[in-house]
Amino acid sequence: MAIEYNEKVLDHFFNPRNVGVIEDADGIGRLGDASCGDVFVMYIKVRGGRLVDIKYQVQGCGAAIATCSALSEIAKGKTLQEAWRLTDDDIAAELGGLPLEKLHCSNLAATVLHRAILDYAENRRGDRHDWQRLYQQQMTNSE
Ligand code: FES
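Be aware that the sequence shown starts at 14, since it is given in this note's numbering, and climbs by one per residue.
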């Protein structure tokens, strides 16, 4: 059976925002999902504790592309703490909903952003331990 996407998801799929690479990224998140074979890479640029730029490369399904695109729009300009709190539910809501079988794609998009933030923390601030604790708390709360 064909998967039905709403207009907003289709718009992000056909016109993905912020695709690309940040050559001098402050943090890079990488994620491959063994169950579907999709691969995500997300790049962030941080200034004054804010995400001033975000780009991504994704090789995956339509929902993977749309969720990365929507996430890049809602995350840009946010503080690291605000971006850290973004969840798959926020992405799905931004897109006006996703088919049930595609909710895991938004989860992967949120996860790859969190990995980019962790990478930033490790590379630039040396407080990876605190971010990992927050990440684990967040995962526990969403279960
Ligand atoms: Fe793998 Fe959508 S099916 S991310």
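Quick reminder that beta carbons are idealized off the backbone N, C-alpha and C, glycines included.
Just checking A77 against ligand 1 - is the residue's beta carbon closer than 7 Å to any of the ligand's heavy atoms?
yes
Apart from the five residues just before and just after R128, which ones in its own chain have a Cβ nearer than 7 Å to its Cβ?
G42, R43 and L44
Of the choices G75, D66, N31 and F53, whose alpha-carbon is the least far from that of A15?
The shortest Cα separation from A15 among G75, D66, N31 and F53 belongs to G75.
When burial is assigned at 16 or more other CB atoms within 10 Å of the CB, is D37 buried or exposed?
exposed
The alpha helix (DSSP H) with L131 in it runs from where to where?
L116 to Y133
Proximity test, C81 beta-carbon vs ligand 1 heavy atom, cut-off 7 Å:
no
Mind checking who V65 pairs with in its DSSP beta bridge?
Looking at the DSSP assignment, V65 forms no beta bridge with any residue, so it has no partner.
In angstroms, rounded to a whole number, what distance separates the CA positions of G90 and C118?
23 Å
Where the beta strand (DSSP E) containing I41 begins and where it ends
G40 to G45
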